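In our numbering, the protein residues as written are 23 to 203. Take a look at the structure below.
Right, dumping it as C-alpha cells:
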C-alpha cells in the first residue's frame, strides 16, 4: 500500500493544481479582465517552460511533436478568431478586455474533460496497471487538448500584448504632440 500512496499523492497534487488553473481560466473567460504589463511575460514563461518540458519528453517520438505543433497551430488560429471578437477598452489608468467566451470556455472544458478522464482511468478503471508520467504526456488525446490550449493561450497572449503596446505607443505619441505645442 505504501508503494501506491506516492503516485496517488502526486496525482492528487497535480489534480488540485490543474483544477485551480482551470477555475482561473473559467473566471477569466467570463467577464472583463484588467490587462497588466506582467501578464504576457508570466504567461510566456510558464507555458514556455511546460511546452519545452513536454517537447523534451517527446524527443524520441518526432511524430508526436509534429502532432503537438499541428494542434498548437489550430489553437493559434482559434486565438486569432477570438482576438477579433474580443472587446478591448482603454480607459485612463486602466486597460481592459472581455474575452470571446465560446472559444475560451470550450478549450478549457475540453482540456479539463481530458484530464478528468485520464485521472479516472488511472485511479479507478485500471489502477493495477503501472503508468508513468511520460505515458500520460505521450497520449495523442492529451497532446491534442494540450496543444490546442497552449497554442490558443500563447497566441491570444501575444495579441493582448500587441494591443497593449499599440495603446501605450499611441498615448506616448499624443503626449509628445502636446509637449511640442
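Think of the CB as a built atom: it goes at the ideal place given N, C-alpha and C, for glycine as much as any other residue. Quantities reported herein were computed from a predicted structural model and do not represent experimental measurements.
Quick check: what's the CA-CA separation for residue i versus residue j?
i: residue 98; j: residue 104; result: 10 Å
i: residue 178; j: residue 83; result: 28 Å
i: residue 93; j: residue 120; result: 25 Å
i: residue 40; j: residue 91; result: 22 Å
i: residue 170; j: residue 52; result: 19 Å
i: residue 31; j: residue 150; result: 16 Å
i: residue 109; j: residue 144; result: 41 Å
i: residue 133; j: residue 140; result: 11 Å
i: residue 45; j: residue 129; result: 13 Å
i: residue 38; j: residue 199; result: 52 Å
i: residue 43; j: residue 49; result: 10 Å
i: residue 142; j: residue 35; result: 15 Å
i: residue 77; j: residue 201; result: 50 Å
i: residue 117; j: residue 111; result: 6 Å
Which two residues bound the contiguous alpha helix (DSSP H) that contains residue i?
i: residue 60; result: Note, residue 60: premise wrong, no alpha helix (DSSP H); not H, not E.
i: residue 189; result: 162-202
In its own chain, which residues sit with a C-beta less than 7 Å from the C-beta of residue i, not counting the 5 before and 5 after it?
i: residue 95; result: 173
i: residue 73; result: 172
i: residue 136; result: 163, 164 and 167
i: residue 122; result: 104, 107 and 108
Looking only at its own chain, which residues have a Cβ that is under 6 Å from the Cβ of residue i, when we skip the five neighbours before and after it?
i: residue 183; result: 62
i: residue 195; result: none
Within the same chain, show all residues whose beta-carbon is closer than 8 Å to that of residue i, passing over the 5 residues directly before and after it, in chain order.
i: residue 22; result: The question about residue 22 has no answer, for the chain in this structure spans 23 to 203.
i: residue 59; result: 186
Quick test of the definition: if touching needs 3 or more C-beta pairs under 8 Å, does the region 53-70 touch the region 177-196? They touch, by the three-pair rule.
Please list the segments of the alpha helix (DSSP H) lying wholly inside the region 76-141, counting only runs of 4 or more residues, in order along the chain. The region 76-141 contains these whole alpha helix (DSSP H) runs: 84-107.
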